[in-house]
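Peer 1: Positions in the sequence shown are counted from 1; adding 48 to them yields our numbering. Before anything else, here's the structure in question.
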Amino acid sequence: MTTLARNLGFGHVLDYTRLNAVPPRTLPFFLIHNGIADHLKQRLLRGLRSTDELRRKYAPIICLIPQGPRHQMVPQVEMGFDEVLFLSDPIAEIGKALTAQLGRELLYIESPQYFGPDRRRLERVSRGDPRRVPGGTEHRRIQVVRDPQHGIRASYVS
49 MTTLARNLGF
59 GHVLDYTRLN
69 AVPPRTLPFF
79 LIHNGIADHL
89 KQRLLRGLRS
99 TDELRRKYAP
109 IICLIPQGPR
119 HQMVPQVEMG
129 FDEVLFLSDP
139 IAEIGKALTA
149 QLGRELLYIE
159 SPQYFGPDRR
169 RLERVSRGDP
179 RRVPGGTEHR
189 RIQVVRDPQH
199 GIRASYVS
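Okay, here's the thing in structure tokens:
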């Protein structure tokens, strides 16, 4: 993972054990290998998303899957990862996906069961699907912009 991060051009790479050593005034990306057990990935996501520090709470959290069928990314998307990428993809494609996390408005959803990027566009479930809750669920919408020069801005939207 460290080699991948350096090949992608990240200037400062820390091991998970040094998570609290993120240098000030940086915009961190968290690259998580899919080999970690799901309950540990969920705990890590909850820990980062529940902090009061904006640069951690809304930092891009990326799950990296070694290879395999694309459908295996669905559980990670549902967990709230910002992006799920395959290590078998070309490095330029991975870099492009990571760059897409910066400099544009992103909508986050915060509900009792989920906190992460707005994924409603991925579901496309029919009206009769049991996963649809009549009237929706209580949630808050948060507009997030990540800027490497100015940090992270987050504001609630109606």
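Glycine included, C-beta positions come from ideal geometry on N, C-alpha and C. On a predicted model such as this, the values are computed, not experimentally measured, just so you know.
Given a cut-off of 9 Å on the beta-carbon distance, is the pair R189 and V205 in contact?
Peer 2: yes
Peer 1: Taking R167 and V132 to be in contact with their CB atoms under 8 Å, please state how far apart those CB atoms are, rounded to whole angstroms.
Peer 2: With 8 Å as the limit, R167 and V132 do not qualify as a contact, their Cβ atoms being about 11 Å apart.
Peer 1: What first and last residue would you give for the alpha helix (DSSP H) that runs through L93?
Peer 2: 86-97
Peer 1: In the DSSP assignment, what are the bridge partners of R188?
Peer 2: E158
Peer 1: To the nearest angstrom, how far is the alpha carbon of P114 from that of Y162?
Peer 2: 25 Å
Peer 1: Since L288 and G128 should fall inside the 8 Å C-beta cutoff, what is the C-beta to C-beta distance between them, to a whole number of angstroms?
Peer 2: With the chain running from 49 to 206 in the structure shown, residue 288 is simply not present.
Peer 1: What residues in its chain sit with their C-beta under 6 Å from that of C111, if we drop five residues either side in the sequence?
Peer 2: Correct list, in chain order: I80, N82, Q124, F129, V132.
Peer 1: For P117, is the classification buried or exposed, using 16 other Cβ atoms within 10 angstroms of its Cβ as the cut-off for buried?
Peer 2: exposed
Peer 1: Quick check: what's the CA-CA separation for I157 versus G164?
Peer 2: It is roughly 6 Å from the alpha-carbon of I157 to the alpha-carbon of G164.
Peer 1: Quick one: grab the DSSP three-state call for L112.
Peer 2: Taken through DSSP and simplified to helix, strand or coil, L112 comes out as strand.
Peer 1: Let me know if I139 comes out buried or exposed under the rule of 16 or more other beta-carbons within 10 Å of its beta-carbon.
Peer 2: So I139 counts as exposed.
Peer 1: Could you check if K144 is buried or exposed, using at least 16 other CB atoms within 10 Å of its CB as the buried criterion?
Peer 2: exposed
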